[in-house]
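In what follows, a structure is listed as structure tokens, so that the remarks can point back to it.
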Amino acid sequence: MYFCVQIFHTKMLDITKIRADFPILSQKVNGKPLVYFDNGATSQKPQIVIDAISKYYQEINANIHRGVHTLSQLATDAYEASRKKIQNHINAEFSHEVLFTSGTTHGINLVASGFASILKPGDEVVVSALEHHSNIVPWQMLCEKTGAILKVIPMNEKGELIMDAYDKLLSDQTKIVTVNHISNALGTINPIKYMIEKAHAVGAAILIDGAQAVPHLKPDVQDLDCDFYVFSGHKICGPTGTGILYGKESWLNKLPPYQGGGEMIKEVTFEKTTYADLPHKFEAGTPNIAGGIVLGTAIDYLNSIGFDNIQQQEKELLQYATEKLLEIEGLKIFGTSEQKTSVISFNIEGIHPYDIGMIVDKMGIAVRTGHHCAQPIMAHFCIPGTVRASFAFYNTKEEIDLMVEAVKKAKTMLS
Ligand SMILES: *Cc1c(COP(=O)(O)O)cnc(C)c1O
Numbered sequence: 003m004y005f006c007v008q009i010f011h012t013k014m015l016d017i018t019k020i021r022a023d024f025p026i027l028s029q030k031v032n033g034k035p036l037v038y039f040d041n042g043a044t045s046q047k048p049q050i051v052i053d054a055i056s057k058y059y060q061e062i063n064a065n066i067h068r069g070v071h072t073l074s075q076l077a078t079d080a081y082e083a084s085r086k087k088i089q090n091h092i093n094a095e096f097s098h099e100v101l102f103t104s105g106t107t108h109g110i111n112l113v114a115s116g117f118a119s120i121l122k123p124g125d126e127v128v129v130s131a132l133e134h135h136s137n138i139v140p141w142q143m144l145c146e147k148t149g150a151i152l153k154v155i156p157m158n159e160k161g162e163l164i165m166d167a168y169d170k171l172l173s174d175q176t177k178i179v180t181v182n183h184i185s186n187a188l189g190t191i192n193p194i195k196y197m198i199e200k201a202h203a204v205g206a207a208i209l210i211d212g213a214q215a216v217p218h219l220k221p222d223v224q225d226l227d228c229d230f231y232v233f234s235g236h237k238i239c240g241p242t243g244t245g246i247l248y249g250k251e252s253w254l255n256k257l258p259p260y261q262g263g264g265e266m267i268k269e270v271t272f273e274k275t276t277y278a279d280l281p282h283k284f285e286a287g288t289p290n291i292a293g294g295i296v297l298g299t300a301i302d303y304l305n306s307i308g309f310d311n312i313q314q315q316e317k318e319l320l321q322y323a324t325e326k327l328l329e330i331e332g333l334k335i336f337g338t339s340e341q342k343t344s345v346i347s348f349n350i351e352g353i354h355p356y357d358i359g360m361i362v363d364k365m366g367i368a369v370r371t372g373h374h375c376a377q378p379i380m381a382h383f384c385i386p387g388t389v390r391a392s393f394a395f396y397n398t399k400e401e402i403d404l405m406v407e408a409v410k411k412a413k414t415m416l417s
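What follows is the structure in structure tokens.
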């Protein structure tokens, strides 16, 4: 008789070892060990990423897709290899559906500006109440230009989008829906698979702002079946000024180029210019070559840690911090969805978030204060802003204890 014994290998993360990969984490700030809880704004960079930037400039720096000389070919190969790596990471069908951008903002503007040639007056664009300003303003500008109408999916008190209301907003008029995968201000994980299906059911395209999702999970764009998925490199241990716009081939062929210039053309005469094939049609000018290559290095680094491990560590940090913070009297957490990532937005009754941020900074603790580029969310809760602590896999419970102590001190000083 055989017994099938299943052994679960949950590799425990060696956080001390991981922290040693990030030189900035051993710094002191204001004479205190740095506690970096502003990962929602940007992540820190491991040494392997920092080194890869110098290595590029030391060894293969050259312009890409142009020269026949050896360095140009090496740089081109490395850049295109990174594109392939990112294609695999997000499971895009073709590498030419993966466009390098300067970040999420650039990706959204590229798509929104392309839709100017598609929308007619009276068409509708659906955004959500949970969006970052960079996923609101480009669509407002598009609506102003085209006479299309902006519709907003409302949210409930937990900071979750209301799906009944979403269903009712959709109609034949809807041409594009744009929503974040995860909210930067509240951490809510939106039911995007459902939302994508619903958008397609009325014939609308859908863009997913994945800026806050990719640090925590590996999106599968084919499984999601989204038309566009955008994110920034700097929130996933990569360099600033890097990002990705995934677009379905059929959509990228339909949209006009965003910028004109070198690299994006097939043939130029003063009478007429023909555009290059994908992905080059959308990559005018010399790109951030080192950044694009090193974004691949950052993704390799995250995969070497493993997204299961990242999620496990962040979940524990979120639970621990939520419990500890709620022990503070008068502290209220905004964004209480069951489905949320390691972001805690909070306020203490009668105290301005900015004052808390200032005081805890003196104790070496970096949290974000303010409206988090999401003023409509703050308006919904009738608050000027929040204190936001956002955790990454390299953070620890000891750091959370330090933050909680600092917040308690701030409360005593301010009340
Ligand atoms: C950070 C962020 C953006 C903007 O990203 P940039 O890197 O500044 O272009 C957009 N949406 C969300 C949800 C974000 O968190």
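Mind the numbering: the sequence shown is residues 3 to 417 in this note's numbering, read in order. Heads up, the beta-carbon is just placed ideally off N, CA and C, and yes, glycines get one too. These figures come from a predicted structure and were not determined experimentally.
Straight-line Cα distance separating residue j from residue i
i	j	result
Q341	N186	13 Å
T78	L121	36 Å
S463	K87	Outside the shown range of the chain (3 to 417) lies residue 463, about which nothing can therefore be said.
L73	N63	7 Å
A300	A292	12 Å
Y4	N90	Summary for Y4: the model assigns pLDDT 47, below 50, so the residue's position carries little reliability, and this model does not support an answer.
F395	I17	8 Å
P48	C239	7 Å
G352	S392	23 Å
T1	N192	In the structure as shown, the chain begins at 3 and stops at 417. Residue 1 is therefore absent and cannot be evaluated.
H71	F102	23 Å
V7	K317	Any answer about V7 is weak, because its pLDDT of 46 lies below 50 and its placement is not dependable; what the coordinates show is given next. The straight-line gap from Cα to Cα measures roughly 27 Å.
Y59	K411	46 Å
T414	N41	27 Å
Y38	H282	38 Å
W253	T242	27 Å
W141	A114	6 Å
L163	L172	14 Å
I151	M165	20 Å
G294	G245	8 Å
H11	H354	Interpretation of H11 is limited by its pLDDT of 45, a score under 50 that renders its predicted location unreliable; the figure taken from the coordinates is listed afterwards. Whole-angstrom Cα-Cα distance: 45 Å.
A43	S344	13 Å
L15	Y322	17 Å
I335	P378	17 Å
A167	G124	20 Å
Nearest residue (CA-CA) to residue i, options the options
i	options	result
S45	N349, A215, G262, Y81	A215
P386	A412, Y168, D357	D357
A22	I138, W141, I50	I50
A376	I238, V129, V406	V129
P35	A368, H373, M143, D16	A368
A201	P217, G235, T176, T275	T176
K57	Y38, A80, N41	A80
V154	E146, P281, E133, D174	E133
M360	H382, G337, K170, A408	A408
C384	I194, E159, K195	E159
I194	K237, D174, D169	D169
T338	V181, P123, L27, M157	M157
H382	E331, A131, S28, Q29	A131
DSSP beta-bridge partners of residue i
i	result
S392	D40, V345
D211	N182, V232
M157	L163
F336	S347
P35	K30
R21	Beta-bridge pairing links R21 to no other residue.
Y248	V100, Y231
I151	E126
I194	Paired residues: none, contrary to the question.
T276	E269
G372	T388
Own chain partners of residue i with C-beta closer than 6 Å, once the 5 adjacent residues on each side are dropped
i	result
L257	G116
L333	L327, F348, I350
C418	Nothing about residue 418 can be read from this structure; the chain reaches only from 3 to 417.
V179	V128, A201, A206, I208
A83	none
L280	H98, L254
E126	I151, K153, Q175, T176
I184	I191, Q214, A215, T343
Cβ-based neighbour list, residue i, same chain, cut-off 7 Å, excluding 5 preceding and 5 following
i	result
V2	Nothing about residue 2 can be read from this structure; the chain reaches only from 3 to 417.
K250	E99, D229
G263	A286, G287
8 Å CB neighbourhood of residue i in its chain, flanking five on each side removed
i	result
L219	F309, Q313
A278	E265, M266, I267, K268
A118	L144, K147, T148
Y260	N111, L112, S115, G116, F284, A286
V204	L172, S173, D174, T176
Any C-beta of chain D under 7 Å from that of residue i
i	result
D363	Considering every chain present, this structure includes no chain D. It has just one protein chain.
Original post:
Where the beta carbon is closer than 5 Å to any heavy atom of ligand 2, which residues qualify, in chain order?
Top reply: Annotation note on ligand 2: not contained in the displayed structure, which lists ligand 1 as its ligands.
Original post:
Can we say the stretch 278–293 touches the stretch 55–69, given the rule of at least three CB pairs closer than 8 Å?
Top reply: Contact annotation: the stretch 278–293 touches the stretch 55–69, with at least three C-beta pairs closer than 8 Å.
**OP:** Could you say if the stretch 106–113 and the stretch 131–139 meet the contact criterion of at least three C-beta pairs nearer than 8 Å?
**Re:** yes
**OP:** Could you tell me whether the stretch 316–326 touches the stretch 400–411, using the rule of 3 or more Cβ pairs below 8 Å?
**Re:** By the Cβ rule, the stretch 316–326 counts as touching the stretch 400–411, because three or more pairs are nearer than 8 Å.
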